[in-house]
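K.L.:
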Ligand code: HEM
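Numbering (UniProt numbering), first residue to last: 1 to 285.
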């Protein structure tokens, strides 16, 4: 510490300051690419409120990317019968989903007037066109070839989505894993066409019922897997509902920028159960 009255200058104190001297860009920059990341914000209007709309959307895209990574890790681990690795990835994803959902906060109280200040500048742009969100939905079993159509003009994105459409979903891998563990998952479910939307099956409901029955008040390896997936399902459902309520507040029943009926369309999407049999089986335990 200096004895002078001058302001304390950390750069003068070699014992306490981090390294300041780098040849090129900093190792932080090389790793994080913060300079790239913080120059990707190009609002389309002059409205000062648009920045947080844009950045929240970008932040959510980043969380989608992490969560897709976790679920792909979990699916791969299940394929290799490595339950601990799968559970660890699913658990990480639930904390990430909570952060994702918390990022609705800045957009949860928009008035129609505030949203109108930049809404027309968005043109036909809509989160409906998010390819990373679509991969999330595909991993949950919500497959649909028509969701590739908007991405025809973007070869890399289209190729990634095409691959994701053809691969078994996370839930497909879960059911195959349960079958290898001796659960009576029907062959029609195990051999289903992975490019099609997953349809709930009574025999799969019975499998989950059996797993929860066996666990009783305690837990088993398989019931812990069921609970991890239930948590994921609940948090995805919460994201959809938070999105729905934010939309209702910001634009009422107007048509969406993506061309849908807006709130009415989102209500239908939000009503769907993620991993449906995990919810219905509970009535029979
Ligand atoms: C308050 C601001 C928002 C409003 C008013 C809004 C409105 C809408 C509407 C009306 C739709 C239906 C499709 C359409 O016609 O456009 C939609 C879909 C969607 N939005 Fe938003 N949105 C908002 C914020 C966000 C944010 C921040 C994200 C983050 C990426 C997002 C992601 C999505 C996704 C992924 C869909 C497709 C959902 C699905 O396929 O089920 N939205 N949004």
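Glycine residues also receive a C-beta, built at the ideal position from the N, C-alpha and C atoms.
None of these values were measured; they are calculated from a predicted model.
#1: Using CA coordinates, which residue listed in 150, 151, 117 and 56 is at the minimum distance from residue 105?
#2: By Cβ distance, which residues of its chain are closer than 8 Å to residue 227, with the 5 residues on each side in sequence left out?
#3: Do you know offhand how far residue 255's Cα is from residue 113's?
#4: Is the segment 69-88 touching the segment 37-46 in the sense that three or more CB pairs, one from each, lie closer than 8 Å?
#5: What I want to know is whether the C-beta of residue 238 ends up closer than 7 Å to one or more non-hydrogen atoms of the ligand HEM.
#6: Smallest Cα separation from residue 221: which of 232, 84, 144 and 54?
#7: Kindly indicate the opening and closing residues of the alpha helix (DSSP H) around residue 160.
#8: Round the Cβ separation of residue 235 and residue 98 to the nearest angstrom and send it over; I've been treating them as touching at under 8 Å.
#9: Anyone know if the C-beta pair for residue 253 and residue 264 falls short of 8 Å?
#10: Buried or exposed for residue 124, please, with buried defined as at least 16 other CB atoms from any protein chain shown within 10 angstroms of its CB.
#11: Among 277, 158, 86 and 178, which residue has its Cα nearest to the Cα of residue 202?
#12: With a CB to CB cut of under 6 Å and the five nearest residues on each side skipped, what residues in its chain are close to residue 52?
#13: Runs of 4 residues minimum, wholly inside the segment 175-235: which ones carry the alpha helix (DSSP H) assignment?
P.N.:
To lay it out plainly:
#1: Here the question's residue 105 lines up with position 105 in the chain shown. Of the candidates 150, 151, 117 and 56, the one whose C-alpha sits nearest the C-alpha of residue 105 is 56.
#2: Working through the chain shown from its first residue, we reach residue 227 at position 227. Result list for residue 227: 219, in chain order.
#3: One-based indexing of the chain shown puts residue 255 at position 255. One-based indexing of the chain shown puts residue 113 at position 113. So the two alpha carbons sit approximately 16 Å from each other.
#4: no
#5: Locating residue 238 in the chain shown gives position 238, where the first residue counts as 1. Not under cutoff, so the answer is no.
#6: In the chain shown, residue 221 corresponds to position 221, counting from 1. When each option's Cα is compared against that of residue 221, the closest is 84.
#7: Along the chain shown, read from residue 1 onward, the residue named residue 160 stands at position 160. Per DSSP, residue 160 belongs to the alpha helix (DSSP H) from 155-166.
#8: Within the chain shown, residue 235 is the residue found at index 235, counting from 1. Within the chain shown, residue 98 is the residue found at index 98, counting from 1. Rounded, the Cβ-Cβ distance is 7 Å, consistent with contact.
#9: Against the chain shown, residue 253 aligns to sequence position 253. Against the chain shown, residue 264 aligns to sequence position 264. Contact flag set, yes.
#10: Locating residue 124 in the chain shown gives position 124, where the first residue counts as 1. Answer is exposed; the Cβ neighbour count stays below 16.
#11: Position 202 of the chain shown, counted from the first residue, corresponds to residue 202. Answer by Cα proximity: 277.
#12: Start at 1 with the first residue of the chain shown, and residue 52 comes out as number 52. These residues qualify, in order along the chain: 106.
#13: 187-190 and 202-215
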